[in-house]
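For reference, the structure discussed in these notes is given below.
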Amino acid sequence: MSLQAVFFIILSALFHMGWNLCVKNSPQKQIFIWWMFAATLGIFLPLALYHLPLWKTMPLPSVFACLGASLMYSFYQLCTGKAYQKGELSLVYPLTNLTPLFVPIWASWFLGEYLSLYGIAGIFLTTFGAILLQWNPTNALSSENGQKNKKPVFWAISASLFASIGSVFDKAGVDRLSGPLIYPYITLMVFFMFCFLSVVAWKKSSTANILTGIKKFPGQIFLGGIFLAGSVLFFRYGMKVCPISYAVALRKASMVLGVWLGAILYKETQVALRTVASIIIVIGILLLKI
Numbered sequence: 024m025s026l027q028a029v030f031f032i033i034l035s036a037l038f039h040m041g042w043n044l045c046v047k048n049s050p051q052k053q054i055f056i057w058w059m060f061a062a063t064l065g066i067f068l069p070l071a072l073y074h075l076p077l078w079k080t081m082p083l084p085s086v087f088a089c090l091g092a093s094l095m096y097s098f099y100q101l102c103t104g105k106a107y108q109k110g111e112l113s114l115v116y117p118l119t120n121l122t123p124l125f126v127p128i129w130a131s132w133f134l135g136e137y138l139s140l141y142g143i144a145g146i147f148l149t150t151f152g153a154i155l156l157q158w159n160p161t162n163a164l165s166s167e168n169g170q171k172n173k174k175p176v177f178w179a180i181s182a183s184l185f186a187s188i189g190s191v192f193d194k195a196g197v198d199r200l201s202g203p204l205i206y207p208y209i210t211l212m213v214f215f216m217f218c219f220l221s222v223v224a225w226k227k228s229s230t231a232n233i234l235t236g237i238k239k240f241p242g243q244i245f246l247g248g249i250f251l252a253g254s255v256l257f258f259r260y261g262m263k264v265c266p267i268s269y270a271v272a273l274r275k276a277s278m279v280l281g282v283w284l285g286a287i288l289y290k291e292t293q294v295a296l297r298t299v300a301s302i303i304i305v306i307g308i309l310l311l312k313i
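Okay, structure coming up:
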């Protein structure tokens, strides 16, 4: 994996953490996610219009792959929002980033990607570290706490599953693109996701509730849109120059930051255990670089 790929994916991880914090701090998460995508679409639209002559050269297989990825990523967003309604940041964020557990399976089945032994070891260490991050020996002995965490865990793991399938569709679409086409492709993906999420938002919420979101939190929505746009853009540049399984696993570096921000901002516990888990993740990321 090249240093260029590492740079883009780590940068994507930081932006990914940023929009997750914005969602976590929002009172009505599904509505906030919809507005965040509206802001992201507004950010990418000028770039897409600038590259308008290139739209007619977009390969049709990339369009269909983009549609499939958008549907899966939309489910990921909805599941993430549900998980944050009841779950802690340091519990939910790692679990929504367990895609390395699923991606190698899809990538080997559908994309024919080959993983080195170091790469496989790195992926599994990263995944094990993510699981260890959310394990709480105190909660494990308490049925009441176990029941409390069951729904956030279910929604968070579901988010990871949908994201992993979306990543495979996404990789298939990106691989067929030339450099400048990445902007129209990303805009198309954000537009598809905006449409999918619109169906959910407008079906489950009143117009008044939706409009209240932009009136009360315009700055937070715009900041979330910037973070989301950066996360989407930098990750796809990284995927262009490295195998999807390595790209997805390396991006999980942001979960270490998520755990510590949970401890600092929300006074969440298990710092010692999660420090050990963080070291395991770092070792896994280092193995990915070999």
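Each residue of the sequence shown is one higher than the one before, counting from 24 in the working numbering. Positions of the beta carbon are idealized from the N, C-alpha and C atoms, including for glycine.
- A Cβ-Cβ contact shorter than 9 Å links S35 with L256.
- Out of I180, G196, T150, K173, the CA that lies nearest to the CA of S93 is found in G196.
- A contact is defined here as three or more CB-CB pairs under 8 Å, and the region 83–99 meets this definition with respect to the region 212–219.
- Annotated three-state conformation of P69 is helix, per DSSP.
- If you draw a straight line from the Cα of M40 to the Cα of T122, it is about 15 Å long.
- By the Cβ neighbour-count rule, V299 is exposed, with fewer than 16 other Cβ atoms within 10 Å of its own.
- Counting only the Cα atoms, G285 lies some 16 Å from A179.
- Annotation for T230: the continuous alpha helix (DSSP H) segment containing it runs 230–239.
- With fewer than 16 other Cβ atoms from the protein chains shown falling within 10 Å of its own Cβ, K290 counts as exposed.
- Secondary structure at N43: helix, using DSSP grouped into helix, strand and coil.
- Of the residues I66, G142, F67, S113, the one whose Cα lies closest to the Cα of M278 is S113.
- In the displayed model, W78 falls within a helix according to three-state DSSP.
- Note on G65: under 16 other CB atoms within 10 angstroms of its CB, so exposed under the neighbour-count rule.
- Taking 9 Å as the cut-off, the beta carbon of A224 is found closer than this to the beta carbon of Q53.
- In the structure shown, the three-state DSSP call for L114 is helix.
- Annotation: Y107 to I302 spans about 25 Å, alpha carbon to alpha carbon.
- Note that the region 75–82 touches the region 200–215; at least 3 beta-carbon pairs, one per stretch, sit closer than 8 Å.
- Excluding its 5 nearest sequence neighbours in each direction, A88 has C-beta neighbours in its own chain below 6 Å: F192, A195, G196, listed in chain order.
- CA-to-CA, the gap between S49 and N232 works out to about 13 Å.
- When the beta-carbon positions are compared, I244 and G236 come within less than 9 Å of each other.
- If you look at C265, you'll find it isn't in any alpha helix (DSSP H); DSSP assigns it neither H nor E.
- Annotated as proximal: K47 and V115, with beta-carbon spacing under 9 Å.
- The shortest CA-to-CA distance from S190 to any of K109, K173, F258, R199 is the one to F258.
- Across the set K263, W129, A144, Y73, the C-alpha of W129 shows the shortest separation from the C-alpha of L184.
- With distances taken between CA atoms, H74 lies nearest to Y208 out of Y208, Q293, L310, L296.
- With at least 16 other beta carbons inside 10 angstroms of its own, K105 counts as buried.
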